[in-house]
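Just below is one structure, and these are the notes that go with it.
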Amino acid sequence: MRDVFIIGVGMNDWGELWELSLRTIWTQAALAALADAGVDHVDAMTVGCMSGGLFVGQEHLGALLADELGMAGIPATRVESACASGGVALRTGFLEVASGISDVVLVTGVEKMTDCSGDEATAALATAADQEWEVFPGATFPGLYAMMARAHMATWGTTREQLAMVAVKNHGNGLHNPHAQYRRAVTVEEVLNATVVADPLTVLECSPITDGAAAVVLADGETARRLAKGRPLVRIAGVGLATDRMALHNRSDLAALPAVTKAAQKAYAMAGITPQQVHVAEVHDCFTIAEIMIIEALGFVPVGRGGPATQAGETARGGRIPVNPSGGLKAKGHPVGATGVAQAVELTLQLRGEAGPRQVEKARIGLAQNMGGTGASSVVHILEVIP
Amino acid sequence: MTAPTPARLTREFPARYRLEGGRCLACGAIVYPQRLVCPACGGREFAPHRLSNRGTVKTFTIIHVAGSAFKQQVPYILAVVALEGGGTLTCELTDLVDQQPEIGMAVELQFRRVQEDGEAGVIAYGHKAVPL
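Quick mapping for you: the protein sequence lines, in order, are chains A and B.
Each number in this note's numbering comes from the position in the first sequence (counting from 1) with 110 added on.
Each number in this note's numbering comes from the position in the second sequence (counting from 1) with 1 added on.
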């Protein structure tokens, strides 16, 4: 298997982009990544997108977007794993370069979520859960995470204030990200007193509806070194993908995310590192409780200690293991198919030392964790910088 | 989108109306609804198994922002219920009078109307949990 490097990154400014279409925001991100890499052609591309069909009524995104980029003719594949579509698209591109089938692959993610009504977006997102046995009896996505939150609170004593601190931290980080949807600080009181969506989660504990796209260019070692132009090389050192029982009610422990642990263990083994060697992480904080459960599942903190660790500032930008310096899904936004790719964009900037005011000092190893549904799929990438 | 069609409703009658699942002949695991492969051991032979209608609440939430089929019902309680003798499901928890929902609460499943008329014009029934 060949080494795989990220040689270019790009994303557009995320938000409610009523004036722009899916194809336009996607092309903005793709062009930015190609320019950053210094290439004008790729051998193939992948598109992570959860549901072009439900959000904008458009499928067949591989061909559509290759055409939009002036590259009709190349192999182009749309990849779907609900909210983990972007991360799985990255893994698909990684496998393509690692196998030797392609030397340069454009990996992208996109979701255009504001072309439909709020009800339609809610219904589209709910397709990431079991339609027949969770959504039919009344589950919503925030509702399922709220049930996980209550299980975690009952099992480990996690408090509502600790949950709120995840949102406070990530909004604070988002202040320094020019691409973020929300660049506004929030307080614990604001989070706790916001409108309840699904008890105990308030609207300020839920990631927003976002239009956005992100892209990275992958290449083999020879190509990466030729195009480096003095910049440090960023290598994908480890990859892991895992699944779990689809419906939350079929899992034995409602306060744990075993697919995240399995995916991470594969990635740690491939990279030859332990969780304690990670300097910076971007994780899937679709809801505040998710980040707390994820940092436990990744082994950053002991199981059950996600709440106290967050409260103690261990995951803050200057903390022991900075989590979501980009602002995370909470503040940066969550265009579902784009999120996993945007995590790799952020980590690449961090590892190159190009993250500006949100730079994590001396970050040499980064971890990205992207998740589908209530944790029925999860993908982990470990990136390392080679000076 | 979630409004079930008549064909789908009909094929889901055994599980939805009668709580019919299966018991894996190899390992004894209870599956609900019936399926072809046991998720616990990979077994492919099952005996018919009717779930108990009694169980306990494993976790719950109170939903304030609902999908279109449940808009008229907010706020409503949704719970994961573990049934006596095996099997778990997600369902509404209702009929609480002067009572707060809590983890560990003993409940009984009752046959109720679950969704308003969908696009296909059919009424969808199923089970909801009520306190014992």
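Think of the CB as a built atom: it goes at the ideal place given N, C-alpha and C, for glycine as much as any other residue.
It should be emphasised that the depicted structure is a prediction, and the values quoted were computed from it without experimental measurement.
- Closer than 7 Å to the CB of residue 260 of chain A there is at least one CB belonging to chain B.
- Burial state of residue 209 of chain A is exposed, judged by a 10 Å Cβ sphere holding fewer than 16 other Cβ atoms.
- Nearest neighbour of residue 385 of chain A by Cα position, chosen from A:340, A:448, A:476, turns out to be A:476.
- In the DSSP annotation of this structure, residue 481 of chain A is not part of any alpha helix (DSSP H); the continuous beta strand (DSSP E) holding it starts and ends at 475-482.
- Under the DSSP assignment, residue 246 of chain A falls outside any alpha helix (DSSP H); it carries neither an H nor an E label.
- Closest in alpha carbon position to residue 469 of chain A, among A:428, A:441, A:409, A:298, is A:428.
- Going by beta carbons, residue 308 of chain A and residue 62 of chain B fall inside the 7 Å limit.
- A Cβ of chain A is located within less than 7 Å of the beta carbon of residue 91 of chain B.
- For the stretch 348-364 of chain A, the set of positions with a beta-carbon nearer than 8 Å to some beta-carbon of chain B reads 355, 357, 358, 359, 360, 364 in chain order.
- Just so you know, the alpha carbons of residue 271 of chain A and residue 403 of chain A end up roughly 15 Å apart.
- Not one beta carbon of chain A lies nearer than 7 Å to the beta carbon of residue 11 of chain B.
- Cβ neighbours of residue 277 of chain A within its own chain (closer than 7 Å, five residues either side excluded): 296, 301, 314, 315, 398, 440.
- From the beta-carbon of residue 71 of chain B, the residues of chain A found nearer than 7 Å are 248.
- Membership of residue 63 of chain B in the beta strand (DSSP E) is indicated by the continuous run 55-64.
- A residue is called buried when at least 16 other Cβ atoms come within 10 angstroms of its Cβ; residue 11 of chain B does not meet this threshold and is exposed.
- When the beta-carbon positions are compared, residue 320 of chain A and residue 417 of chain A stay at least 7 Å from each other.
- As for any beta strand (DSSP E) of minimum length 3 sitting wholly inside the stretch 320-378 of chain A, the runs are 322-330, 343-353, ordered along the chain.
- Contacts with chain A at 7 Å (Cβ-Cβ) do not include residue 75 of chain B.
- In this structure, the beta-carbon distance from residue 23 of chain B to residue 65 of chain B does not fall below 7 Å.
- Where residue 89 of chain B is concerned, the enclosing beta strand (DSSP E) starts and stops at 89-94.
- Per DSSP, the continuous alpha helix (DSSP H) segment holding residue 209 of chain A begins and ends at 195-209.
- Residue 288 of chain A is classed as exposed because its beta carbon has fewer than 16 other beta carbons within 10 Å across all chains shown.
- Sequence-ordered contacts of the stretch 29-40 of chain B with chain A read 34, 40 [C-beta pairs closer than 8 Å].
- Per the C-alpha coordinates, the member of A:238, A:496, A:179, A:243 positioned closest to residue 115 of chain B is A:243.
- Distance from the Cα of residue 167 of chain A is smallest, within the candidate group A:484, A:379, A:173, A:132, for A:132.
- At a beta-carbon threshold of 7 Å, the residues of chain A lying near residue 62 of chain B are 253, 256, 257, 260, 308, 309, ordered along the chain.
- Residues of chain A whose Cβ lies closer than 9 Å to the Cβ of residue 123 of chain B do not exist, since the nearest Cβ in that chain is about 13 Å away.
- Its Cα nearest to that of residue 47 of chain B, the residue B:28 stands out among B:28, B:58, B:91, B:53.
- Residue contact check for residue 65 of chain B against chain A: a CB pair falls below 7 Å.
- By the Cβ-count criterion, residue 410 of chain A is buried, with 16 or more other Cβ atoms from all chains shown falling within 10 Å of its own Cβ.
- In the DSSP annotation of this structure, the continuous segment of the beta strand (DSSP E) that includes residue 49 of chain B starts and ends at 47-51.
- Under the DSSP assignment, residue 115 of chain A falls in the beta strand (DSSP E) whose first and last residues are 114-121.
- Of all alpha-carbon atoms in B:85, B:99, B:60, B:130, the one lying nearest the alpha-carbon of residue 256 of chain A is that of B:60.
- Residue 446 of chain A places its beta carbon 7 Å or farther from that of residue 258 of chain A.
- Approximately 19 Å separates the beta-carbon atoms of residue 239 of chain A and residue 450 of chain A; this is outside 8 Å, ruling out the contact.
- Straight-line spacing of the CA atoms in residue 230 of chain A and residue 67 of chain B works out to 12 Å.
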